[in-house]
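Q: Let me begin by handing over the structure; questions about it come next.
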Amino acid sequence: MTLLHYLTVSGILFVIGLFGALTRRNTIGILMSIELMFNAANLNLIAFNRFLYPERLDGNVITLFIIGVAAAEAVVGLALVVTIYRNLNTIYSEDFNLLKG
Amino acid sequence: MLEHAYLIPIIPFVTSLVILLGGKEGKDSKMPYLGIAAMGWCFLQSSVLFFRALSGRMPLEAGKEFFLHQRFPWLEWGENLRINVGVLVDGPAVTLLFVVTLVSLLVQIYSLGYMHDDKRKKRYYAYLSFFTASMLGLVIASSIFILFACWELVGVSSYLLIGFWFEKPGPAYASKKAFITTKLADCGFYVGLLILFCYAGTFDLVSLKSYIAQGLLPVEVAKAVGIGFLIGAIGKSAQIPLFIWLPDAMEGPTPVSALIHAATMVVAGIYLVARTYFIFTAAPTTMGAVAWVGLFTAFFAATMAITAYDIKKVLAYSTVSQLGYMMLGLGVYGYTAALFHLTTHAFFKALLFLGAGSVIHAVHTNDMREMGGLYKRMPTTAATVGIATLTIAGLPLLSGWWSKEAILHDVYAVSPGMWVVAVFTAGLTAFYMSRMYVLTFLGAPRNEEKHSHAHESPLTMKIPLWTLAVLSLFAGGILHYNGLFEHLVHFKLPEGSHGSHHAPAYLLPGAAIFVFAVGVGLAYKLYSGSLETAQQLRGKLSIAAETLEQRYYFDDFFLGLVKLSDKLATACYWIDSRIIDAIFIDGWALVLRALAAVNDFIDSFIVDGAVDGVGTITQDAGWGLRKLVRGQVQEYLLYVSLAVAVFATFMLSR
Amino acid sequence: MEHIVFYSLSSVALISALGVVLMRNVLHCALMLGLSLMAVAGLFGSLGADFLFAGQIVVYVTGVAVLVLFVVMLAGRESELNSPQTNDKWPLALVIGAITFGGFWRFFGAYADTYATTDAEPTTRGIGILLLSDYALPFELISLILIAALIGAIHFSRVEESQ
Amino acid sequence: MGLLTTVTFLPLIGAIIILFIPKEKVAVIRGSAIFTTFATFVVSLFLYAGFDPSLVGDGVPVMQFTERYEWIATFNVFYAMGIDGLSLPIIILTTLICFLASIYSVSIKERVKEFFFWYLLLEVGMVGVFCATDLFLFYLFWELTLVPMYFLIGVWGGPRKEYAAIKFFLFTLVGSVFMLLAIIAVYFAPNSGTFDMLKLMEINSSWSRNFQIVAFIGFYLGLSVKIPAFPFHTWLPLAHVEAPTPVSVILASVLLKMGCYGLLRICYSILPAGFEWFLPYFIIIAFINIVYGALCAMAQTDMKKMIAYSSINHMGYCLLGMAAVSSTGFNGAVLQMINHGIITGALFLLVGVLYDRAHTRDISAFGGLGAKVPVYAALMVLTCFASLGLPGLAGFVSEFMCFLGAFPVWKMWTILSVAGILITAAFFLRMIQKVFLGPLNEKWADLPDINTRELLAIGPLAVLTVLFGVWPKLILDITNPTVTALAEMHSTIFKYLH
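Protein chains in written order, with my numbering: chain A, 588 to 688; chain B, 94 to 747; chain C, 537 to 699; chain D, 129 to 626.
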């Protein structure tokens, strides 16, 4: 298995996540897609770590951090979703247009 | 005793603080006794010094003209600049110490009776101690700077004492007037100090003296310094034209007036000139100025005393006049004579004021027209004041006679013309003093009610009176005997300054006795009966009398000056708030507005078209773009990712 | 063996990821997300990152995915199953995805011949050492962020008494 | 951490702590603010204890308690602090005044928390200005004083507080802009590239005279607003009148000193040729400040405004002393700064006491209070006399030294300026007469005398007034070596004066 294989998988995963984030109407869906993108990035980091600098572990550590941040992000994001749902009674992103010019 | 001379000013100073801060205020305060005790000690020490110096048992420092010169640096700065604080004890200083402590002690004892019912007794005694302390400091200071400091303190304590009964508007106003007037003069002193230090680099009297003796100080500078100091002295010693505060200062308690007039405040000016005599003698012009100031003051003050009916004002003018004599004496190289007169004058003037206080205490008025015939009611006062009156009027062989003769002698030596005026003034003195005495004590009572209430003062007031009376009678003679005082003062005339006129031996005493006799006689004739003759005379000379009563309009002049400065102040403030402030606030606005106008012109004719075009386009674009902004977060994300994707790919793949 | 593991895991990950973005029912999406994440965890394992393998499962699969499930149940609605879950921008999104992947591909190509030269070793000890030495500060910061996120989440989702 | 950093930032810690105290707990807030200022004062006394006045070099001042850390390396900015005999007394004055004014600040009843927060922040800026030896840092602290002052006047002030605050802010800000330009100019000057004041003092000889003049004008515009020197003084009376009492005190006692200090530390030391060029105008400004300020004070009916104008007059003495460019004049100027800080601080506190009771400051509204409130009257009279330069009280020696220094150089102007002393005496005595003497105005028949808290704030100042008047060596011994070296520093340029 070459590095290219892993990178390809991570690239596709990222693009899928991106697509989801751009197209899902459901806010929860957007959040989930973002999680996918995080995972793609993680996979990327670990693959590079494994193939290019196997004697070091920095990639792993940073991945760990990303997992932490992603978890935090998920928590906050979902909390926001709950709040929005409670206040606006919708979770569809096109219904939030407070920023409308 | 001698080496601890510094204690003399310090003890009363500390005492005043103790009195002020400790104990309870009130009529029954025991603090006055503390003040008297402290002053008693100072008097004891001073008189020991004085008598030892007088009897020649206190040695001068080797090769010097003083007994003691102690100093230590109070302020040091720069490379090598310093101001010392210290004591310089020489003949004049010892004399003044004796006089000041004596008068102060007597005044304090006297005040026990006089201020018996005052509710702020404690404060009064604190002020008295402070006043005396400042004066004593002034007397023995070795540096002119410290002398000036004490000089100012004397001023402020006189401010406090004159305004002691501050609830009344009169004293409040008078104290302010006294302070401001003397402060005006102090500016001259101040400038003198600046000039002096600029050239000589020291304030130490001894150093200065040797500096000037070596001829290092240019005459022009000495002149400037001398004039500055003279202005200071004019203010403090109430010379013309700055005497105006002194009559008003009578608003203070009478014992305070005695202290101010006899020993402390007003003699400070004379003492300053005496202390810095070497500067004056270095510039003969200033000597002339001193003499003329003295002569004018002596004469005009004496004329003003003629018309006054307020007993204290008469005494005030007489003080001014006598101070003029001293100044005159100093101006004609009669250093010894002036100091001699200062000493004797202190005794009889203190006595006069304390006597007047006794009278006022008894009849509760200052107006002599309501007195008369008081000798029956107050024999002690009448007798002692009588002695003082004769002394100041110049009855031969009393204290005043000796000192006045000494001055007149020196005046004649320099200028017989001045002497004529001075002798005439002596006659005036005899006249107005006798007039005062006659109006007060002799004749028939003019106000029966007040007369019947009058009573002799208590013992605490009588003791000072008698003491001073004795001194007035004999002190002059004793000091004159064998040149005792001359020896003490130890003054050497600068070379070439001796007067060239020699009077026939009989002329001087003869003239003096003549004017004395005429003055006293005239006064008795005019005022012993009813006042009608005097009133008629006044009616005939109404313009002159009016001028005298208005003090030659000096007051109006200075009030005008005050008004002028008030106007100036108002004008300044107007400028400040209306112009300067306006320039920096509204002015900026104006400038900006002008700039805006120019801008507007350019805009409307040149740039406007282009700007309008741009504006329209922008507006339209804005409206168009606005439609894109729909508040859809996801859309934004879309645009962002599109941009990032395109750009990143493009940039990285180059 | 290696190939089988890689391809199967990759396909699971990618297919379930597609499921996440395409399925209508959010509940199913969430389940798919869990599956995808688990597959990615497997990929981690195949790369020798044993600690992260465990971490991924613990945090993501059992943490985040479950959290998402909860939220879906809290905020989901039956009626939504009928309406399309994708907005009308999808073609543009597709283009963006294509461009992005194209960009990726240009760089990935450089690593076509990169093989792993050494055997994978256990990483837990090394990560632990790194975390407490070189990365001590970020580590602490992360914990701070987590706390903040936690508090923030509680604050946001709290029901106001007054309402 | 160095002692100077401690002194500077201790109030900041206090300020932050106050932020965490709930605003209802007014007593706790006050207590911690007073404690903070007190602690700062105590720490500044350690500076005094550890200071060696005799440590002076040849030329550039020798700083003590120095701290130097790289801050913004790209621009050669350092966090550099240090003090010499010039700054030490002013720092102690600052911390003392802040402490005493904070005691008095108990009278502030509204928005106490914010008040003390701004108050402590202001102290940070003020102390920092006197500690900084890096121009950048100096400017930073300088600006740091501006904002708290703006709020302190604008929120807790009198009826026209907004106007006063804006005026103060604009004046100082415009001045500061010029100062910033000058700082930048100095940074880009030949051989420069540094903000280090001490280094700039050494290299200025290579700068052209014209450059120094331009840079001087920039600095002068910034500093003269704070002094305040004519004609940039008009913000002062208004700001003083509108500011609450403790803020007035700080404004007069410390903020004005920043200008004078800057003149000596920057304008004179770094740009001697510019200073030399300006001297003939400088002496005229000093004269105007003295006489004109005093005359304006005489025209006032509001006590606070009168004292504000008297401040202008007193700062004129400082300018006079500085114009001498001699050890005498500089010593006098520094001494005058300290003494003015003490005396005017006390005066403002005293006026505040009266205002708190009577709610008016109109001089003619009173009368005969001397019998009613003897302690208060005594303190007021004492302070007024100190302010008008009575020997034995603080103001006299410093005034005299300023005159003494200026006279050999500027004879005419100095003699004319002596009139200022007379006018000062006149308006103070008039005020005393109208307020305390004469028959008691029945309206104030039940006016209470000064209370313990006020006495606690004013008493130390009164004591210091007497102490420094009787024994000015206390300050002079610290300042003299530094100031003498300072006067000698550019002796080649100013040689013609002496």
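Every residue gets a Cβ at the ideal spot worked out from N, C-alpha and C, and that includes glycine. A quick note: this is a predicted structure, and the numbers were derived from the prediction, not measured.
(1) Measuring CA to CA, which of Trp338/B, Ser621/B, Gly184/B is closest to phenylalanine 651/B?
(2) Excluding the five sequence neighbours on either side, which residues of its own chain have a C-beta within less than 8 Å of the C-beta of alanine 608/A, listed in chain order?
(3) Which parts of the stretch 113-193 of chain B are runs of the beta strand (DSSP E), unbroken and 3 residues or longer, counting only runs that do not cross its ends?
(4) In three-state terms, what does DSSP make of methionine 191/D?
(5) Which residues bound the alpha helix (DSSP H) around alanine 208/D?
(6) Among Leu301/B, Ile273/B, Phe136/B, Ala356/B, which residue has its Cα nearest to the Cα of leucine 654/B?
(7) Exposed or buried, aspartate 503/B, counting other C-beta atoms within 10 Å across all chains shown (16 or more means buried)?
(8) Does chain D have any CB closer than 8 Å to the CB of valine 249/B?
(9) Going by DSSP in three states, arginine 661/C sits in which element: helix, strand or coil?
(10) Quick check: the Cα distance between isoleucine 418/D and asparagine 459/B, rounded to an integer number of angstroms?
(11) Which term fits arginine 637/A, buried or exposed, when burial requires 16 or more other beta carbons within 10 angstroms of its beta carbon?
(12) Can you tell me whether DSSP reads threonine 622/C as helix, strand or coil?
(13) Using 8 Å as the cut-off, can you tell me whether the stretch 240-256 of chain D makes contact with the stretch 137-145 of chain D, which would need three or more C-beta pairs spanning the two stretches below that distance?
(14) I'd like to know if phenylalanine 683/A contacts chain B, where contact means its C-beta is closer than 8 Å to some C-beta of that chain.
(15) Can you tell me whether DSSP reads aspartate 648/B as helix, strand or coil?
(16) Measure the alpha-carbon distance for leucine 113/B versus leucine 488/B and round it to whole angstroms.
(17) Please report the Cβ distance between proline 340/B and alanine 409/B, rounded to the nearest whole angstrom; I am assuming they are in contact, meaning their Cβ atoms lie under 8 Å.
(18) Where does asparagine 173/B land, buried or exposed, given buried means 16+ other C-beta within 10 angstroms?
(19) Where do the N-terminal and C-terminal ends of the alpha helix (DSSP H) with proline 472/B fall, by residue?
(20) Is glycine 142/D closer than 8 Å to leucine 248/D when the C-beta atoms are compared?
(21) Can you tell me where the alpha helix (DSSP H) holding glutamine 428/D begins and where it ends?
(22) Mind reading off the beta-carbon distance from leucine 147/B to leucine 577/B? Whole number of angstroms is fine, and I expect it under 8 Å.
(23) Three or more beta-carbon pairs under 8 Å between the stretch 443-459 of chain D and the stretch 611-620 of chain D, yes or no?
(24) Which chain C residues are close to valine 739/B, counting only those with a beta carbon under 8 Å from its beta carbon?
(25) Pairing CB atoms from the stretch 195-203 of chain D with CB atoms from the stretch 330-338 of chain D, are three or more of them under 8 Å?
(26) Taking a contact to mean a Cβ-Cβ separation below 8 Å, would you say valine 452/B touches isoleucine 404/B in this structure?
(27) Going straight from the alpha carbon of valine 205/D to that of threonine 369/B, what length do you get?
(28) Give the residues of chain D in contact with aspartate 674/B, contact being defined as C-beta atoms less than 7 Å apart.
(29) Could you work out which residues of chain A lie near leucine 730/B, taking near to mean beta carbons separated by less than 9 Å?
(30) Going by other Cβ atoms of all chains shown within 10 Å of its Cβ, with 16 needed for buried, is isoleucine 690/C buried or exposed?
(31) Tell whether a beta-carbon distance below 8 Å holds between phenylalanine 441/B and threonine 379/B.
(32) Taking 8 Å as the threshold (beta carbon to beta carbon), is alanine 627/A in contact with chain B?
(33) In whole angstroms, give me the CA-to-CA distance for serine 235/B and proline 567/D.
(34) Three Cβ pairs or more, each shorter than 8 Å: is that satisfied between the stretch 410-421 of chain B and the stretch 357-377 of chain B?
(35) Under 8 Å between beta-carbons, which chain B residues line up against serine 597/A? List them in chain order, please.
(36) With a threshold of 7 Å on Cβ separation, who are the neighbours of threonine 429/D within its own chain once the five nearest residues in sequence on each side are excluded?
A: Put simply:
(1) Here residue 651/B refers to the residue found at position 558 of the second sequence. Per the Cα distances, Trp338/B.
(2) In the first sequence, counting from the first residue as 1, residue 608/A sits at position 21. Excluding residues within five positions, the ones whose Cβ falls inside 8 Å are Ile617, Ser620, Ile621, Met624.
(3) 161-170, 174-182
(4) Here the question's residue 191/D lines up with position 63 in the fourth sequence. Looking at methionine 191/D - three-state DSSP - the assignment turns out to be coil, as it is neither helix nor strand.
(5) For this step, residue 208/D is matched to residue 80 along the fourth sequence. Counting along the chain, alanine 208/D falls outside any alpha helix (DSSP H), though it belongs to the beta strand (DSSP E) covering 205-211.
(6) Within the second sequence, residue 654/B is the residue found at index 561, counting from 1. Here the closest residue by C-alpha is Ile273/B.
(7) Along the second sequence, read from residue 1 onward, the residue named residue 503/B stands at position 410. Burial call: buried.
(8) Within the second sequence, numbered from 1, the residue matching residue 249/B stands at position 156. Yes, valine 249/B lies at the interface with chain D (some Cβ there is under 8 Å from its Cβ).
(9) Here residue 661/C refers to the residue found at position 125 of the third sequence. Helix, per DSSP.
(10) On the fourth sequence, residue 418/D is found 290 positions in, with the first residue counted as 1. On the second sequence, residue 459/B is found 366 positions in, with the first residue counted as 1. So the two alpha carbons sit approximately 43 Å from each other.
(11) Counted from its first residue, the first sequence places residue 637/A at position 50. Looking at its Cβ environment, which holds 16 or more other Cβ atoms inside 10 Å, arginine 637/A is buried.
(12) To locate residue 622/C, count along the third sequence from 1; it is residue 86. It is a strand residue.
(13) yes
(14) Sequence index remark: in the first sequence, residue 683/A carries index 96 (1-based). Chain B, which has a Cβ nearer than 8 Å to the Cβ of phenylalanine 683/A, makes this yes.
(15) One-based indexing of the second sequence puts residue 648/B at position 555. Looking at aspartate 648/B - three-state DSSP - the assignment turns out to be helix.
(16) To locate residue 113/B, count along the second sequence from 1; it is residue 20. To locate residue 488/B, count along the second sequence from 1; it is residue 395. Taking the straight line from one Cα to the other gives about 43 Å.
(17) In the second sequence, residue 340/B corresponds to position 247, counting from 1. In the second sequence, residue 409/B corresponds to position 316, counting from 1. At roughly 5 Å, the Cβ-Cβ gap stays under 8 Å, so proline 340/B and alanine 409/B are in contact.
(18) Position 80 of the second sequence, counted from the first residue, corresponds to residue 173/B. With fewer than 16 Cβ atoms within 10 Å of its Cβ, asparagine 173/B is classed as exposed.
(19) To locate residue 472/B, count along the second sequence from 1; it is residue 379. Start and end: 472-486.
(20) For the purposes of this step, residue 248/D is taken as residue 120 along the fourth sequence, with counting starting at 1. For the purposes of this step, residue 142/D is taken as residue 14 along the fourth sequence, with counting starting at 1. Yes, the Cβ-Cβ distance between leucine 248/D and glycine 142/D is below 8 Å.
(21) Mapped onto the fourth sequence, residue 428/D falls at position 300. Premise fails: glutamine 428/D is in no alpha helix (DSSP H) and is neither H nor E.
(22) As a working note, residue 147/B is residue 54 in the second sequence. As a working note, residue 577/B is residue 484 in the second sequence. Confirmed, about 6 Å.
(23) yes
(24) For this step, residue 739/B is matched to residue 646 along the second sequence. Result: Ile635.
(25) no
(26) The count along the second sequence starts at 1 and reaches residue 452/B at position 359. The count along the second sequence starts at 1 and reaches residue 404/B at position 311. Closer than 8 Å, so yes.
(27) Sequence index remark: in the fourth sequence, residue 205/D carries index 77 (1-based). Sequence index remark: in the second sequence, residue 369/B carries index 276 (1-based). Each residue's alpha carbon lies about 59 Å from the other.
(28) As a first step, residue 674/B must be located in the second sequence, where it is residue number 581. In chain order: Thr362.
(29) Taking the second sequence and counting its residues from 1, the one referred to as residue 730/B is at position 637. The contacting residues are Ala608, Leu609, Ile617.
(30) The sequence position of residue 690/C within the third sequence is 154, counting from 1. Exposed, because fewer than 16 other Cβ atoms sit within 10 Å of the Cβ of isoleucine 690/C.
(31) Position 348 of the second sequence holds residue 441/B. Position 286 of the second sequence holds residue 379/B. Result no, Cβ atoms of phenylalanine 441/B and threonine 379/B do not sit closer than 8 Å.
(32) Looking up residue 627/A in the first sequence gives position 40. No, alanine 627/A lies away from the interface with chain B (no Cβ there is under 8 Å from its Cβ).
(33) For the purposes of this step, residue 235/B is taken as the residue at position 142 of the second sequence. For the purposes of this step, residue 567/D is taken as the residue at position 439 of the fourth sequence. Using only the alpha carbons, I get a separation of about 43 Å.
(34) yes
(35) Counting from one through the first sequence, the residue named residue 597/A turns up at place 10. Within chain B, no residue comes near serine 597/A; the closest Cβ sits about 16 Å away, beyond 8 Å.
(36) As a position in the fourth sequence, residue 429/D is number 301, starting the count at 1. Counting only Cβ-Cβ distances below 7 Å, and skipping sequence neighbours, we find Asp490, Ile491, Ser492.
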